[in-house]
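Below is one structure, written out as structure tokens; comments come after it.
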Amino acid sequence: MRIHWDEPFKISEWFKRTISILNLTVILIAAVLVFSEFRFDWCERIIGNYLVTSNSTRPETGAVWKVGKQASSAHTYLNTIVNERRHAERYAREASSFSDLASDLFPGQWTNLDKNQFKKFYLTMPVSVASTMIQPMELVWLFSRQDMKRIFCEGNLNGMEIYFLDSKNRVIHEISFDKIKMAQLEKKEAPFKGQLEDIPGFEGHIYTGAVFFKALLSLPKDMISSLISHPEKLLAEKGRIVKAGISDEAESGYIRLGFQFNNDAGSKVVFIKGREWAVWRLNLLLSGERR
Amino acid sequence: MKLFIPFLRSVRFLFYFFLAVSASCIIIFTFLIFSAAKDLPRLPTPLSRIIETPQTEIFAVTGEKIMTLGARDPVPLSRVSPYFIKAVIATEDHRFWDHHGINKLRTLKALFVTLFEPGKIQGASTITQQLAKNLFFSFKKSYLRKFRELLVAFQIEATSSKREILNAYINQISFGAGAQGIEKASQIFFGKPAADLTLGEASLLAGLPKSPTRYNPFRYYDRALRRRAVVLKRMVEVGYITEQEAKDVLKTRPVLNSRKGDIRIGSYFINALINRLVAKYGEDVVFHGGIKVFSTLDTRLQSAAESSIKKGLEKVDKMMGIAKQDKIHPQGALVAIDTSSGAIKAMVGGRDYYSSEYNRAVNSLRQPGSGFKPFLYYTALEKLGLNGASVMTDQPVSIPVKGGADWRPENFERTYMGNMILKKALALSVNTIAAQLVEMTGPDAVIKTARDCGITSPLQDVYSVSLGTSGVSPLDMASAFSTFATEGVRHRPFYVWRVEDPFGRVIDEHIVQGKRVLDPETSFQVVDMMEAVINRGSGKSVRAMGFTRPAAGKTGTSDHFNDAWFTGFTPSLCTSVWVGFDKQRALIAKNHVGITGGRGAAPIWTDFMKTALENAPLRDFSIPGGIRFERADAVTGCEVAGNNPLNNSHEVFKIPLKKNQVLCKTTGNGLESGIAPGQNQGEQK
Chain A
1 MRIHWDEPFK
11 ISEWFKRTIS
21 ILNLTVILIA
31 AVLVFSEFRF
41 DWCERIIGNY
51 LVTSNSTRPE
61 TGAVWKVGKQ
71 ASSAHTYLNT
81 IVNERRHAER
91 YAREASSFSD
101 LASDLFPGQW
111 TNLDKNQFKK
121 FYLTMPVSVA
131 STMIQPMELV
141 WLFSRQDMKR
151 IFCEGNLNGM
161 EIYFLDSKNR
171 VIHEISFDKI
181 KMAQLEKKEA
191 PFKGQLEDIP
201 GFEGHIYTGA
211 VFFKALLSLP
221 KDMISSLISH
231 PEKLLAEKGR
241 IVKAGISDEA
251 ESGYIRLGFQ
261 FNNDAGSKVV
271 FIKGREWAVW
281 RLNLLLSGER
291 R
Chain B
1 MKLFIPFLRS
11 VRFLFYFFLA
21 VSASCIIIFT
31 FLIFSAAKDL
41 PRLPTPLSRI
51 IETPQTEIFA
61 VTGEKIMTLG
71 ARDPVPLSRV
81 SPYFIKAVIA
91 TEDHRFWDHH
101 GINKLRTLKA
111 LFVTLFEPGK
121 IQGASTITQQ
131 LAKNLFFSFK
141 KSYLRKFREL
151 LVAFQIEATS
161 SKREILNAYI
171 NQISFGAGAQ
181 GIEKASQIFF
191 GKPAADLTLG
201 EASLLAGLPK
211 SPTRYNPFRY
221 YDRALRRRAV
231 VLKRMVEVGY
241 ITEQEAKDVL
251 KTRPVLNSRK
261 GDIRIGSYFI
271 NALINRLVAK
281 YGEDVVFHGG
291 IKVFSTLDTR
301 LQSAAESSIK
311 KGLEKVDKMM
321 GIAKQDKIHP
331 QGALVAIDTS
341 SGAIKAMVGG
351 RDYYSSEYNR
361 AVNSLRQPGS
371 GFKPFLYYTA
381 LEKLGLNGAS
391 VMTDQPVSIP
401 VKGGADWRPE
411 NFERTYMGNM
421 ILKKALALSV
431 NTIAAQLVEM
441 TGPDAVIKTA
451 RDCGITSPLQ
461 DVYSVSLGTS
471 GVSPLDMASA
481 FSTFATEGVR
491 HRPFYVWRVE
501 DPFGRVIDEH
511 IVQGKRVLDP
521 ETSFQVVDMM
531 EAVINRGSGK
541 SVRAMGFTRP
551 AAGKTGTSDH
561 FNDAWFTGFT
571 PSLCTSVWVG
581 FDKQRALIAK
591 NHVGITGGRG
601 AAPIWTDFMK
611 TALENAPLRD
621 FSIPGGIRFE
631 RADAVTGCEV
641 AGNNPLNNSH
651 EVFKIPLKKN
661 QVLCKTTGNG
671 LESGIAPGQN
681 QGEQK
């Protein structure tokens with residue numbers, strides 16, 4: 001469509017056209033718009049209200065959201081640490097032995113161990129194995145000390161460290177609990193199916209039951225109790241002792257004694273640890289007997 | 001008529017042109033809004049959520065809170081002084097109550113100035129726009145960022161009341177000096193709640209957000225007052241106060257919080273602590289996790305340390321003739337460690353944290369000079385079976401170095417005193433005897449001792465390491481010397497006793513674990529020698545300054561007087577002090593005499609230790625069971641006969657000896673007290 005427009009040739013026509021209704025309306029509307037915007041800020045309000053409608057769909061970006069995310073990530077991390085601690089505390093409550101607890105504690109993970117729980121674990125270990133951890137009398141003294149406030153266990157690659165702490169977190173005594181070493185020690189304590197001759201370290205020191213006990217019983221009574229402090233282990237076994245032997249390895253002041261029982265099921269060697277000095281006395285006697 | 005026609009034509013053209021331009025602008029503007037709106041950040045609702053981030057608190061061992069990270073202490077408007085509200089509105093946005101996010105006239109004016117007056121930029125941001133910028137946008141200037149900021153401001157105005165906006169604004173703006181939010185600022189600068197601010201104080205605070213560092217009243221008080229005058233002028237212009245009120249306020253000088261020092265006390269310590277926490281837990285946990293950190297810092301000792309360093313360095317300035325207005329001043333560092341645990345009780349890493357945040361106590365490795373000798377003496381005593389009475393000769397030495405020139409160390413005074421016992425040699429810090437000892441022990445053995453004691457800095461395996469030519473940090477020195485104080489039991493230095501999560505659950509705690517690294521008897525023998533350093537040797541300025549407690553230590557001065565050290569300890573506290581320039585420059589006094597550890601660092605050490613141990617019970621070093629004491633002549637090393645051997649012809653030292661050691665007898669190494677090893681070697685040759 002083409003609009004035909006003629007330029008006015010009279011000034012009155014110019015004025016007439018300028019002050020036309022259309023022009024005046026346009027100018028008036030523009031003026032009202034500008035004035036009302038300055039007076040009522042409708043433009044800002046419209047934009048603001050429009051943005052409110054799209055708020056929920058917009059991204060959570062900017063410094064304030066970043067801080068929020070960082071706080072949330074921090075809480076997640078802290079909760080992880082706290083949960084790990086709770087797990088460790090549960091392990092400590094539910095464990096039945098030091099080995100159990102050491103297996104559950106990851107390196108760096110730690111927990112406090114109740115004194116009674118510690119005693120329980122300690123007493124469930126064979127005396128000789130327990131003594132390699134800490135001497136019973138030393139433990140008695142530790143528990144009697146007024147400054148000993150708590151027991152703190154921290155997992156490591158080999159097992160765990162057990163710290164006896166005072167109220168200022170100072171270590172009064174420290175025990176390194178090596179899982180593998182302890183397991184080996186406990187394994188050594190377990191009965192062996194077979195004969196004494198099959199066990200390395202006993203060769204040359206194996207005697208008949210009669211010879212062994214004759215020599216043993218000739219020792220003073222207090223020495224005998226140092227040699228075999230827990231004879232219940234032997235009394236509980238079925239069959240009779242046919243051989244007894246002395247190991248050539250000493251460990252933490254103890255030497256292993258092996259007693260071979262023969263019964264219907266075959267041969268079985270039961271181990272007991274005797275005090276090193278007492279075992280040497282017995283050994284001397286037995287060597288004399290042999291000569 | 002004909003003249004009018006072109007004019008009317010132009011009017012017509014202009015009218016339609018402006019109509020077209022306006023329409024285009026509206027279309028473009030609308031398009032921009034729709035396009036920018038998609039990526040605008042989401043606004044949290046309610047707005048108050050923005051100030052609900054948890055704060056990490058750091059406590060001193062003495063219980064007081066020494067630092068809060070991310071802290072805002074938000075307060076409602078009703079608990080803020082109306083003076084401050086008026087001052088901030090008058091200064092930042094006087095039409096705040098009337099506009100809807102933008103001050104159009106001011107914006108147009110600013111636009112005009114920016115476009116038509118080159119080099120000039122005028123700001124026109126309203127409080128709402130500033131809030132939008134602080135919450136969501138970076139401080140990078142761009143027109144697009146400005147436009148997005150404007151849109152967010154519109155949305156904020158559409159969803160929140162003016163009071164909510166103002167409340168959010170005043171609770172999150174930064175006032176500098178670690179103060180974010182008006183309540184925190186009021187507490188930091190004036191030690192009072194924001195509700196109690198006077199007109200003078202409120203107007204001073206209202207001027208800070210423009211440039212918190214530039215107007216920091218703690219540092220630039222007069223500049224801050226000039227800014228306050230601007231704020232007051234604006235308040236008068238807006239009609240919030242009368243001209244007379246402004247004049248009255250201008251006459252006053254607000255008193256700043258005198259505990260300012262306490263608020264940022266131990267800044268170097270806190271910095272080092274935060275770095276360690278960040279390395280262990282990450283920035284999110286440290287700055288946004290709301291954890292509670294129970295540090296080892298003792299605020300009383302820290303104040304004493306800061307004061308001693310300040311006073312001591314001012315004295316060094318005076319000695320060197322350095323004026324206050326000079327640009328380069330010597331720096332200093334101090335670390336104090338609890339010997340029985342390794343807890344760092346005080347740390348100063350420089351002259352002024354505000355002018356240099358570089359922590360010289362931890363990060364600066366400087367040559368300790370003779371301060372390293374105790375490690376050598378321990379090694380020699382342990383390895384060669386020597387004792388404090390073993391005799392050596394102070395004489396020129398030349399030690400062959402494989403593949404290099406002979407090492408010819410000289411004494412500090414360039415003189416030689418002949419035969420003397422080791423205790424005297426350490427007390428007087430005789431270099432030639434130290435050189436002979438390291439030749440016998442080997443540098444690797446000395447390095448091993450230093451490592452065992454706790455020196456972690458890299459050490460060069462050369463003879464001169466025994467004379468302190470490898471750089472170490474004051475923290476290393478304090479930690480290593482405290483191993484001597486505890487009869488050879490090493491405690492790792494640490495900053496934190498316990499860390500708790502926001503609910504008070506312990507997430508970490510320090511277990512104090514000592515490790516025996518030195519023989520207790522030999523260690524005691526070295527401590528005894530170091531006591532002689534303080535009582536009658538190179539560190540006797542300590543006694544001259546009135547420090548009477550049992551103490552041991554060693555001075556150190558590096559080549560050309562670049563570094564002055566003093567590290568010393570009592571049975572309970574070990575402190576290392578270093579003084580020197582950051583860049584290689586000698587500490588030379590006005591009279592051209594070099595400043596030694598005894599002159600530069602020992603006075604700082606003494607001043608600090610006197611205050612630090614003010615109320616502590618007097619304790620002597622415990623003597624290991626196998627030690628007995630005998631009196632030995634300083635030259636022959638033999639026992640001095642008679643009950644009163646102190647006469648003019650003898651200089652006598654009390655020497656601690658082990659069970660198997662006697663005076664004047666050949667040791668297991670063929671060395672004999674009374675005959676210097678150098679002489680022995682000569683005879684053998």
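Taken in order, these protein sequences are the chains called A and B. If you use this note's numbering, the first sequence closes out at 291, no skipped numbers anywhere. If you use this note's numbering, the second sequence closes out at 685, no skipped numbers anywhere. For every residue, glycine included, the Cβ atom is placed at its ideal position computed from N, Cα and C.
Output needed for residue i: all residues of its chain with C-beta closer than 6 Å, excluding positions within five of it in sequence on either side, in chain order.
i: Ser-20/A; result: none
i: Arg-228/B; result: Ser-203, Leu-204 and Gly-207
i: Val-701/B; result: Since the first and last residues shown for chain B are 1 and 685, residue 701/B lies out of range.
i: Cys-153/A; result: Thr-111, Leu-113, Met-160 and Ile-162
To the nearest angstrom, how far is it from the Cα of residue i to the Cα of residue j?
i: Leu-208/B; j: Lys-65/B; result: 25 Å
i: Pro-8/A; j: Ser-161/B; result: 56 Å
i: Gln-129/B; j: Tyr-358/B; result: 36 Å
i: Asp-262/B; j: Leu-613/B; result: No answer about Asp-262/B holds up, because its pLDDT of 40 lies below 50 and its placement is not dependable.
i: Ile-399/B; j: Met-133/A; result: 51 Å
i: Gly-442/B; j: Glu-651/B; result: 31 Å
i: Arg-93/A; j: Trp-110/A; result: 13 Å
i: Ser-81/B; j: Gly-176/B; result: 20 Å
i: Pro-645/B; j: Asn-419/B; result: Low per-residue confidence applies at Pro-645/B: pLDDT is 49, beneath 50, and the placement is therefore not dependable, though the value from the model is reported in the following sentence. Using only the alpha carbons, I get a separation of about 19 Å.
i: Gly-239/B; j: Val-64/A; result: 35 Å
i: Glu-500/B; j: Lys-292/B; result: 5 Å
i: Phe-269/B; j: Lys-311/B; result: 19 Å
i: Asn-169/A; j: Pro-493/B; result: 15 Å
Closest to residue i by C-alpha separation, out of the options, would be which residue?
i: Pro-330/B; options: Thr-159/B, Asp-317/B and Arg-543/B; result: Asp-317/B
i: Val-285/B; options: Ile-507/B, Gly-625/B, Gly-101/B and Leu-573/B; result: Ile-507/B
i: Ala-456/B; options: Leu-475/B, Arg-631/B, Ser-295/B and Ile-156/B; result: Here residue 456/B turns out to be Thr, not Ala, going by the sequence shown. For the residues Leu-475/B, Arg-631/B, Ser-295/B and Ile-156/B, the minimum Cα distance to Thr-456/B belongs to Leu-475/B.
i: Ser-267/B; options: Ile-170/B, Leu-334/B and Leu-225/B; result: Leu-334/B
i: Phe-581/B; options: Ala-246/B, His-560/B and Ala-405/B; result: His-560/B
i: Gly-546/B; options: Ile-511/B, Ala-602/B, Lys-583/B and Met-529/B; result: Ala-602/B
i: Lys-423/B; options: Ala-405/B, Thr-213/B and Asp-394/B; result: Asp-394/B
i: Ala-634/B; options: Phe-608/B, Cys-664/B and Ile-337/B; result: Cys-664/B
i: Glu-189/A; options: Asp-248/A, Gly-258/A, Phe-213/A and Asp-198/A; result: Gly-258/A
i: Ile-241/A; options: Ile-272/A, Phe-40/A, Gly-209/A and Arg-45/A; result: Gly-209/A
i: Arg-275/A; options: Gly-204/A, Asp-264/A and Ile-228/A; result: Ile-228/A
Could you check if residue i is buried or exposed, using at least 16 other CB atoms within 10 Å of its CB as the buried criterion?
i: Met-137/A; result: exposed
i: Arg-599/B; result: buried
i: Ala-20/B; result: exposed
i: Thr-242/B; result: exposed
i: Thr-57/A; result: exposed
i: Asn-103/B; result: buried
i: Ala-715/B; result: Only positions 1 to 685 of chain B appear in the structure, and residue 715/B is not among them; the question remains open.
i: Gln-525/B; result: buried
i: Cys-574/B; result: buried
i: Leu-165/A; result: buried
i: Gly-597/B; result: buried
Assuming residue i and residue j form a contact by the criterion Cβ under 8 Å, report the distance between their Cβ atoms to the nearest whole angstrom.
i: Thr-159/B; j: Thr-45/B; result: 7 Å
i: Gly-101/B; j: Phe-154/B; result: 5 Å
i: Ala-425/B; j: Met-392/B; result: 6 Å
What residues in its chain sit with their C-beta under 7 Å from that of residue i, if we drop five residues either side in the sequence?
i: Asn-271/B; result: Glu-357 and Asn-359
i: Gly-488/B; result: Arg-516, Val-517, Leu-518, Asp-519, Pro-520 and Ser-523
i: Val-278/B; result: Val-286
i: Asp-406/B; result: Ser-398, Ile-399 and Pro-400
Within the present structure, is the beta-carbon of residue i separated from the nearest heavy atom of the ligand ZN by less than 7 Å?
i: Leu-297/B; result: In the structure shown, the ligand ZN is absent, as is every other ligand, since no ligand is present at all.
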